[in-house]
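For the sequence shown, this note's numbering assigns the number 450 to the last residue and increments by one with no breaks.
Even for Gly, the Cβ is constructed at its ideal location relative to N, Cα and C.
Predicted model, so just to flag it, every value in this text is computed and none were measured.
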Amino acid sequence: MTTRIDAALRQVSDTRCLRIGTGVLASVTEVLSQYFDQRSAVVVADENTFAAAGKLVYEQLQAAGHAVAAPIIFPGTPTPYADFDKVLVLEEAFRTCDAIPVVVGSGTLNDLTKLAAYRTGRQYLCVATAASMDGYTAFGSAITKAGFKQTMACPAPRAVIADLDVLAQAPPELKASGYADLLGKVTAGADWLLADALELEPIDKRAWSLVQESLRAWTAHPHRLRDGDPQALSDLFAGLTLTGLAMQLSASSRPASGSEHRFSHLWEMQMGPAAALHGFKVGVGTIAAAALYERLLARDLTRLDIAKCCRAWPSRTEVERAVRQGHDHPQLAEQAVAESLAKYIDASRLRQRLLLLQQRWPALREQLQAQLLPADQLQSLLQAAGCPTDPTGIGVSWPQLRASYDLARTIRSRYTVLDLVAETGLLAECVEELFAPGGFWARSSQGQL
Numbered sequence: 002m003t004t005r006i007d008a009a010l011r012q013v014s015d016t017r018c019l020r021i022g023t024g025v026l027a028s029v030t031e032v033l034s035q036y037f038d039q040r041s042a043v044v045v046a047d048e049n050t051f052a053a054a055g056k057l058v059y060e061q062l063q064a065a066g067h068a069v070a071a072p073i074i075f076p077g078t079p080t081p082y083a084d085f086d087k088v089l090v091l092e093e094a095f096r097t098c099d100a101i102p103v104v105v106g107s108g109t110l111n112d113l114t115k116l117a118a119y120r121t122g123r124q125y126l127c128v129a130t131a132a133s134m135d136g137y138t139a140f141g142s143a144i145t146k147a148g149f150k151q152t153m154a155c156p157a158p159r160a161v162i163a164d165l166d167v168l169a170q171a172p173p174e175l176k177a178s179g180y181a182d183l184l185g186k187v188t189a190g191a192d193w194l195l196a197d198a199l200e201l202e203p204i205d206k207r208a209w210s211l212v213q214e215s216l217r218a219w220t221a222h223p224h225r226l227r228d229g230d231p232q233a234l235s236d237l238f239a240g241l242t243l244t245g246l247a248m249q250l251s252a253s254s255r256p257a258s259g260s261e262h263r264f265s266h267l268w269e270m271q272m273g274p275a276a277a278l279h280g281f282k283v284g285v286g287t288i289a290a291a292a293l294y295e296r297l298l299a300r301d302l303t304r305l306d307i308a309k310c311c312r313a314w315p316s317r318t319e320v321e322r323a324v325r326q327g328h329d330h331p332q333l334a335e336q337a338v339a340e341s342l343a344k345y346i347d348a349s350r351l352r353q354r355l356l357l358l359q360q361r362w363p364a365l366r367e368q369l370q371a372q373l374l375p376a377d378q379l380q381s382l383l384q385a386a387g388c389p390t391d392p393t394g395i396g397v398s399w400p401q402l403r404a405s406y407d408l409a410r411t412i413r414s415r416y417t418v419l420d421l422v423a424e425t426g427l428l429a430e431c432v433e434e435l436f437a438p439g440g441f442w443a444r445s446s447q448g449q450l
């Protein structure tokens with residue numbers, strides 16, 4: 002795995018150093034001296050991550066003679082949320098000291114520091130505290146601004162240190178969240194195959210390989226991760242890291258994010274900071290997307306009535322009206338309208354797209370079947386890792402899940418299976434099959450529908 006990571010590092014432009022192993026926390030001062038131009042530093046953490054590793058990092062920097070500013074420590078309870086206001090807090094703090102940010106934490110703290118460092122013209126060092134998500138080495142930060150979660154462009158960290166002893170001490174739910182985030186690459190990959198086949202977003206073979214080549218191996222034994230197997234934890238973090246490097250390589254989240262993340266981001270925007278862990282939302286979104294794929298793949302799209310699809314296709318005005326009616330929050334509705342109209346095509350272009358789909362469907366169907374796992378199997382894997390496997394486990398109601406199949410595609414312009422089923426006029430009937438007696442979600446709900 003080290004060989005693959007080293008090879009990936011040679012292909013990317015931002016991250017120059019990645020250290021994963023037991024005891025590597027002791028290399029913080031060495032990495033700072035070797036990969037950064039100045040010796041001054043400022044530690045960013047929350048109360049929990051400062052106790053887990055931040056205090057030790059701070060003391061090591063002081064002992065090595067680095068000029069260390071007072072650490073910036075966010076409250077640990079409630080868990081910090083990646084909103085733009087906190088980016089501004091960090092930005093103001095960074096402007097008062099000419100120092101390299103050393104962030105000690107996981108997803109939220111890394112995203113906040115990544116964007117604030119970029120906005121103040123400096124690189125940064127990340128010390129990971131949990132194998133909870135794939136964003137450590139990724140290009141861009143997932144930040145909520147004015148109620149709308151978006152990926153803001155900014156470089157990945159110059160260096161990342163991940164001490165397996167520190168990662169092992171993270172709460173079990175954070176490891177489970179990381180597993181779910183990684184498993185979501187199954188449906189993300191399927192969505193990229195769709196976009197590639199329809200000539201919307203070609204597959205970058207280098208980025209695809211970094212994520213998909215070993216994905217089955219990384220996710221095959223979730224019980225080992227839950228049981229505390231050190232190798233399982235190392236494999237998980239390596240998989241998450243390579244996924245981040247794939248995003249960095251392509252300067253896009255496409256290698257790691259598809260319809261499953263559309264569900265997750267929608268729910269986060271609907272529920273705000275109280276939403277479940279990112280990976281847990283992605284896990285349920287992965288099941289939801291895979292179940293939808295099963296209904297789609299049961300159909301022969303070479304026989305699709307394209308003329309009927311085009312006649313039923315809404316105008317731009319009708320799309321805008323429907324999107325506004327679907328979202329309760331005005332700010333979310335405005336952004337969803339912008340994203341939806343950005344990818345809107347008229348009936349003439351829809352006809353051309355569906356003709357291409359018809360032509361390529363037999364081969365594409367085989368590709369998708371090879372890429373995907375059954376929704377039932379995904380549920381079992383996630384359950385074994387300790388993840389929620391139905392919407393109620395993440396605070397989403399069954400009616401909310403059902404509505405999400407229509408709303409999730411509106412919040413991003415990226416093409417996924419959610420767009421395909423809408424364009425083919427199959428969305429309503431596929432969703433009905435999932436929730437009808439005997440359907441996937443009807444079986445999973447245990448009578449709650």
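Whose CA, out of the options, lies closest to the CA of residue i?
{"i": "residue 158", "options": "260, 436, 341, 249", "result": "249"}
{"i": "residue 225", "options": "255, 176, 260, 202", "result": "176"}
{"i": "residue 29", "options": "193, 12, 14, 66", "result": "66"}
{"i": "residue 311", "options": "379, 423, 235, 289", "result": "423"}
{"i": "residue 229", "options": "55, 406, 426, 385", "result": "385"}
{"i": "residue 216", "options": "112, 350, 183, 409", "result": "183"}
{"i": "residue 410", "options": "104, 450, 341, 361", "result": "341"}
{"i": "residue 346", "options": "327, 319, 335", "result": "319"}
{"i": "residue 52", "options": "35, 362, 130", "result": "130"}
{"i": "residue 348", "options": "313, 369, 324, 379", "result": "313"}
{"i": "residue 106", "options": "191, 353, 55", "result": "55"}
{"i": "residue 252", "options": "118, 98, 142", "result": "142"}
{"i": "residue 79", "options": "101, 121, 27, 277", "result": "277"}
{"i": "residue 371", "options": "179, 214, 127", "result": "214"}
{"i": "residue 222", "options": "203, 209, 401, 181", "result": "181"}
{"i": "residue 172", "options": "227, 96, 120, 204", "result": "227"}
{"i": "residue 27", "options": "37, 434, 57", "result": "57"}
{"i": "residue 479", "options": "401, 50, 220", "result": "Coverage of the chain is limited to positions 2 through 450, which leaves residue 479 absent and any answer about it impossible."}
{"i": "residue 21", "options": "429, 99, 6", "result": "6"}
{"i": "residue 259", "options": "233, 194, 12", "result": "194"}
What would DSSP say about residue i, mapped onto helix, strand or coil?
{"i": "residue 18", "result": "strand"}
{"i": "residue 447", "result": "coil"}
{"i": "residue 102", "result": "strand"}
{"i": "residue 155", "result": "coil"}
{"i": "residue 140", "result": "coil"}
{"i": "residue 126", "result": "strand"}
{"i": "residue 161", "result": "strand"}
{"i": "residue 377", "result": "helix"}
{"i": "residue 238", "result": "helix"}
{"i": "residue 204", "result": "coil"}
{"i": "residue 84", "result": "strand"}
{"i": "residue 43", "result": "strand"}
{"i": "residue 23", "result": "coil"}
Alpha carbon to alpha carbon, what distance is there between residue j and residue i?
{"i": "residue 170", "j": "residue 242", "result": "19 Å"}
{"i": "residue 163", "j": "residue 237", "result": "12 Å"}
{"i": "residue 416", "j": "residue 365", "result": "15 Å"}
{"i": "residue 166", "j": "residue 24", "result": "7 Å"}
{"i": "residue 438", "j": "residue 445", "result": "11 Å"}
{"i": "residue 124", "j": "residue 281", "result": "30 Å"}
{"i": "residue 91", "j": "residue 104", "result": "11 Å"}
{"i": "residue 382", "j": "residue 76", "result": "34 Å"}
{"i": "residue 273", "j": "residue 397", "result": "12 Å"}
{"i": "residue 178", "j": "residue 388", "result": "7 Å"}
{"i": "residue 127", "j": "residue 140", "result": "14 Å"}
{"i": "residue 292", "j": "residue 94", "result": "46 Å"}
{"i": "residue 85", "j": "residue 112", "result": "10 Å"}
{"i": "residue 421", "j": "residue 50", "result": "42 Å"}
Excluding sequence positions up to five away, which residues of its chain have a Cβ less than 6 Å from the Cβ of residue i?
{"i": "residue 374", "result": "187"}
{"i": "residue 109", "result": "81, 83"}
{"i": "residue 454", "result": "Lying before the first or after the last residue shown, residue 454 is absent from the chain, which here runs from 2 to 450."}
{"i": "residue 59", "result": "44, 72"}
{"i": "residue 205", "result": "251"}
Can you name, in chain order, every residue of its own chain whose Cβ lies under 7 Å from the Cβ of residue i, other than the five neighbours on each side?
{"i": "residue 148", "result": "270, 330, 332, 333"}
{"i": "residue 267", "result": "405, 408, 409, 412"}
{"i": "residue 261", "result": "185, 188, 189, 283, 286, 287, 290"}
{"i": "residue 432", "result": "403, 406"}
{"i": "residue 325", "result": "334, 338"}
{"i": "residue 119", "result": "155, 156"}
{"i": "residue 153", "result": "116, 141, 142, 144"}
Ignore the nearest five residues each way along the sequence and tell me which others in residue i's own chain have a CB closer than 8 Å to its CB.
{"i": "residue 16", "result": "10, 138, 157, 158, 159, 160, 161, 246, 249"}
{"i": "residue 40", "result": "33, 34, 66, 67, 68"}
Point to revise | Any 3 or more C-beta pairs closer than 8 Å across the region 71–79 and the region 35–48 | key: Touching, yes, given that three or more Cβ pairs across the two stretches are closer than 8 Å.
Review point. Is it a yes or a no for the region 344–362 touching the region 194–213, going by three-plus beta-carbon pairs under 8 Å?
Key: The answer is yes - the region 194–213 touches the region 344–362, with three or more Cβ pairs under 8 Å.
Review point. Should the region 297–309 be regarded as contacting the region 396–415, the criterion being three or more beta carbon pairs within less than 8 Å?
Key: No, the region 297–309 does not touch the region 396–415.
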